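Q: The opening position of the sequence shown corresponds to residue 1 in this note's numbering, with each subsequent residue numbered one higher. Think of the CB as a built atom: it goes at the ideal place given N, C-alpha and C, for glycine as much as any other residue. Values in this document were obtained by computation on a predicted structure and should not be read as measured data. Please see the structure below; I have some questions.
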Amino acid sequence: MSSNPSPPKFKLYNSLTRQKQEFEPLNREHVRLYACGPTVYSYAHIGNARMAVTFDQLARVLRFLYPRVTYVSNITDVDDKIMQAAIDTGREIGQITRFFEEAYNQDMAILGVTPPDIQPRATEHIPEMIALIQSLIAKNHAYEVNGHVLFHVPSFAGYGGLSGRSRDDQIAGARVEVAPFKKDPADFVLWKPSTPDQPGWESPWGYGRPGWHIECSAMAETHLGLPIDIHGGGADLKFPHHENEIAQSCCAHDQTDLAAFSRYWMHNGFLTVNGEKMSKSLGNFTLTHDVIARGIAGETIRHAFLSAHYRQPLDWSEETLARSQKALDKFYRVVADLTDKEHLEIIDTAPPTEFLEALCDDLNTPKAYAVLNALAKKATVEKTAAALSDFVASARFMGFLTQSPAQWFAQKPTGSHNTSPELDASEIEALLSERTAARAAKDFARSDEIRDELLSHGITIIDTPQGPEWRKSH
1 MSSNPSPPKF
11 KLYNSLTRQK
21 QEFEPLNREH
31 VRLYACGPTV
41 YSYAHIGNAR
51 MAVTFDQLAR
61 VLRFLYPRVT
71 YVSNITDVDD
81 KIMQAAIDTG
91 REIGQITRFF
101 EEAYNQDMAI
111 LGVTPPDIQP
121 RATEHIPEMI
131 ALIQSLIAKN
141 HAYEVNGHVL
151 FHVPSFAGYG
161 GLSGRSRDDQ
171 IAGARVEVAP
181 FKKDPADFVL
191 WKPSTPDQPG
201 WESPWGYGRP
211 GWHIECSAMA
221 ETHLGLPIDI
231 HGGGADLKFP
241 HHENEIAQSC
251 CAHDQTDLAA
261 FSRYWMHNGF
271 LTVNGEKMSK
281 SLGNFTLTHD
291 VIARGIAGET
301 IRHAFLSAHY
311 RQPLDWSEET
321 LARSQKALDK
331 FYRVVADLTD
341 KEHLEIIDTA
351 PPTEFLEALC
361 DDLNTPKAYA
371 VLNALAKKAT
381 VEKTAAALSD
391 FVASARFMGF
401 LTQSPAQWFA
411 QKPTGSHNTS
421 PELDASEIEA
431 LLSERTAARA
441 AKDFARSDEI
451 RDELLSHGIT
461 IIDTPQGPEW
471 RKSH
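Right, dumping it as structure tokens:
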């Protein structure tokens, strides 16, 4: 993508300071971004996918603004849930984690998520975790007892600074391990013993495995150095996971400034399903893999995730998907009209400033959608290559219009009525005649329906002075 002569300044809401700030990277030549990735014991749910799409869009903006961006998002491949999945299925842990890691990456690719520059696995960073834990023990921020190592929360005065939780809330909301030997109820596990049949590694405290929180502290420092520019994930990770990461990393390096680990923090909002919290007990636990398997286009799912501001709650429903499908149908219809009917050529260009300004305002995707719609209307009215190219460049910047209109309308979601056999020439001509009559009667809604139906069969209409013509697109 070509560079913008005067790109706007990027502003973001920093969860650490609880205010919107102008983003100033430590090094403008190299921005470093970290987002917590999935625990690979099952297919990713739609909450995981919303995070991946959000931070993918963030990375796209940063890559436009800065010469180099390193985006790291980890894979947690050692966890009690993974161990339970192995027991439940009788499969090897390594088989489970590699299968679901690959499935996650494939599903996210369908949603237009570019792979992170680095996707480290927890199991490949055990020595770094052990070294970090040893440093915390040496500095009296952690202690070993009965093969466990625990972080001593009262040793870090800044604990709770990210989430703003009180002492009582910290204890109530912590992921409490069964450990009667804790010095303080809020203390959390850095290392725990493993039985011979469980995954584990040799350590100064015996055969065991890391706690969840230490993983990201070790991997972020290993691959990005400290402090990193932006760290983030879902709002559910703010406490205790991200709070614990800050405590571990700051204490290991004798830092009291909470920004010494990450200078900015971004958290995407919660996701509900038909207005209710997603949970297996309610029967509304939705896997991204299942939505894709229904034949819902990846662009439609991505559009739905970005339709709400990332910090706001998003309600996932069939209506949400239908609105996104309708919006994208409109976008593709604009391209089909202007490239086939007006014979306009799409020129490679950067998105216009007003579009970039929307995304640079704390990743304001609803505002960007409003600009997109205005650009689509402008292209339709002006019928120029420049106007069309501005619209297409902006849509593609968000991961849309990645196919030809014929490919888009040919998609047939499971359960769709668009499953009729291939049309023969007489059927196509009959539909063209009906479309001509509809246009003459100014019934443009029916005209568009016929055009879309033909596109769904791979038939493109070309309007000429002598009347409409058609050709097969695939």
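Ordered along the chain, which non-local residues of its own chain (more than five positions away) have a Cβ less than 7 Å from that of residue 447?
A: For this step, residue 447 is matched to residue 447 along the sequence shown. Once the five neighbours on either side are set aside, the close Cβ partners of residue 447 are 435, 438 and 439.
Q: Can you name, in chain order, every residue of its own chain whose Cβ lies under 6 Å from the Cβ of residue 344, other than the five neighbours on each side?
A: The residue labelled residue 344 in the question sits at position 344 within the sequence shown. Once the five neighbours on either side are set aside, the close Cβ partners of residue 344 are 338, 385 and 388.
Q: Which value, in whole angstroms, describes the spacing of the CA atoms of residue 189 and residue 231?
A: Residue mapping note: residue 189 aligns to position 189 of the sequence shown, counting from 1. Residue mapping note: residue 231 aligns to position 231 of the sequence shown, counting from 1. So the two alpha carbons sit approximately 22 Å from each other.
Q: Can residue 81 and residue 39 be called in contact, C-beta distance under 8 Å?
A: Locating residue 81 in the sequence shown gives position 81, where the first residue counts as 1. Locating residue 39 in the sequence shown gives position 39, where the first residue counts as 1. Yes, the pair counts as a contact, with Cβ atoms nearer than the cut-off.
Q: To which residues does DSSP link residue 74 through a beta bridge?
A: Taking the sequence shown and counting its residues from 1, one reaches residue 74 at position 74. The partner list for residue 74 (beta bridge, DSSP) is empty, contrary to what the question assumes.
Q: Once DSSP output is grouped into helix, strand and coil, what is the label at residue 127?
A: Within the sequence shown, the letter at position 127 stands for residue 127. Helix.
Q: Out of 117, 267 and 302, point me to the one whose CA is closest to residue 110's CA.
A: Locating residue 110 in the sequence shown gives position 110, counting from the first residue. Across the set 117, 267 and 302, the C-alpha of 302 shows the shortest separation from the C-alpha of residue 110.
Q: Whole angstroms are fine: how far does the CA of residue 119 sit from the CA of residue 162?
A: On the sequence shown, residue 162 is found 162 positions in, with the first residue counted as 1. On the sequence shown, residue 119 is found 119 positions in, with the first residue counted as 1. Taking the straight line from one Cα to the other gives about 25 Å.
Q: Would you mind reading off the limits of the alpha helix (DSSP H) that contains residue 304?
A: Stepping through the sequence shown from its first residue, residue 304 is reached at position 304. Looking at the DSSP string, the run of the alpha helix (DSSP H) that includes residue 304 is 298 to 306.
Q: With a CB to CB cut of under 6 Å and the five nearest residues on each side skipped, what residues in its chain are close to residue 324?
A: Residue mapping note: residue 324 aligns to position 324 of the sequence shown, counting from 1. Within the same chain, residue 324 has close Cβ partners 300, 303 and 304.
Q: Would you kindly report the start and end of the unbroken beta strand (DSSP E) that includes residue 239?
A: For the purposes of this step, residue 239 is identified with residue 239 of the sequence shown, where counting begins at 1. Unbroken run through residue 239: none, as it is neither H nor E.
Q: Which same chain residues end up closer than 6 Å to residue 415 when comparing Cβ atoms and leaving out the 5 residues on each side of it in sequence?
A: As a working note, residue 415 is residue 415 in the sequence shown. Residue confidence for residue 415 is low, a pLDDT of 41 falling below 50, so the modelled location carries little weight; the figure read from the coordinates is stated next. Excluding residues within five positions, none has a Cβ falling inside 6 Å.
Q: On the DSSP letters alone, give me the boundaries of the beta strand (DSSP E) that residue 488 sits inside.
A: The first residue shown for the chain is 1 and the last is 474, placing residue 488 beyond what the model contains.
Q: Just to check my reading of the structure: residue 288 and residue 278 have Cβ atoms closer than 8 Å, yes? What is that Cβ distance to the nearest angstrom?
A: As a working note, residue 288 is residue 288 in the sequence shown. As a working note, residue 278 is residue 278 in the sequence shown. Residue 288 to residue 278, Cβ: 12 Å. No contact.
Q: Compute every distance between the C-beta of residue 216 and the non-hydrogen atoms of the ligand COA, then say whether any falls below 7 Å.
A: This structure lacks the ligand COA, and indeed carries no ligand of any kind.
Q: Between residue 239 and residue 311, which are expected to be in contact by the criterion C-beta below 8 Å, what is the C-beta distance as a whole number of angstroms?
A: Counting from 1 along the sequence shown, the entry for residue 239 is found at position 239. Counting from 1 along the sequence shown, the entry for residue 311 is found at position 311. Not quite, the Cβ-Cβ distance comes to about 16 Å (not below 8 Å), so this is no contact.
Q: Would you grab the beta carbon distance between residue 11 and residue 20 for me? Rounded to a whole angstrom, and I think it's under 8 Å.
A: Start at 1 with the first residue of the sequence shown, and residue 11 comes out as number 11. Start at 1 with the first residue of the sequence shown, and residue 20 comes out as number 20. Residue 11 to residue 20, Cβ: 6 Å. Contact.
Q: For residue 142, name the three-state secondary structure that DSSP assigns.
A: Taking the first residue of the sequence shown as 1, we reach residue 142 at position 142. Note: residue 142 maps to strand in three-state DSSP.
Q: On a Cα-Cα basis, can you pick out the residue from 340, 425, 407 and 363 that is closest to residue 383?
A: Walking along the sequence shown from the start, residue 383 turns up at place 383. Taking the Cα of residue 383 as reference, the smallest distance to any Cα among 340, 425, 407 and 363 is reached at 340.
Q: Going by DSSP in three states, residue 475 sits in which element: helix, strand or coil?
A: Within the shown structure, residues of the chain are numbered from 1 to 474, placing residue 475 beyond reach of any answer.
Q: Express the C-alpha separation of residue 266 and residue 469 in angstroms, rounding to a whole number.
A: Counted from its first residue, the sequence shown places residue 469 at position 469. Counted from its first residue, the sequence shown places residue 266 at position 266. Rounded to the nearest whole angstrom, the CA to CA distance from residue 469 to residue 266 is 51 Å.
Q: Report the three-state DSSP secondary structure of residue 69 (helix, strand or coil).
A: Walking along the sequence shown from the start, residue 69 turns up at place 69. In the structure shown, residue 69 sits in a strand (DSSP, three-state: E or B).
Q: Could you tell me if residue 94 is buried or exposed, where buried requires 16 or more neighbouring beta carbons within 10 angstroms of its beta carbon?
A: Position 94 of the sequence shown, counting from 1, holds the residue named residue 94. Result: exposed.
Q: Thinking residue 227 and residue 252 are a contact (beta carbons under 8 Å), I'd like their distance in whole angstroms, please.
A: To locate residue 227, count along the sequence shown from 1; it is residue 227. To locate residue 252, count along the sequence shown from 1; it is residue 252. Not quite, the Cβ-Cβ distance comes to about 13 Å (not below 8 Å), so this is no contact.
Q: When you compare only the Cα positions, how much space is there between residue 14 and residue 424?
A: By 1-based counting over the sequence shown, the position of residue 14 is 14. By 1-based counting over the sequence shown, the position of residue 424 is 424. In a straight line, the C-alpha of residue 14 is about 58 Å away from that of residue 424.
Q: Our contact map puts residue 16 next to residue 71 with C-beta atoms below 8 Å; I'd like the distance itself, whole angstroms only.
A: One-based indexing of the sequence shown puts residue 16 at position 16. One-based indexing of the sequence shown puts residue 71 at position 71. Contact doesn't hold; Cβ gap of about 20 Å is too wide.
Q: So what does DSSP say about residue 150, is it helix, strand or coil?
A: Taking the first residue of the sequence shown as 1, we reach residue 150 at position 150. Looking at residue 150 - three-state DSSP - the assignment turns out to be strand.
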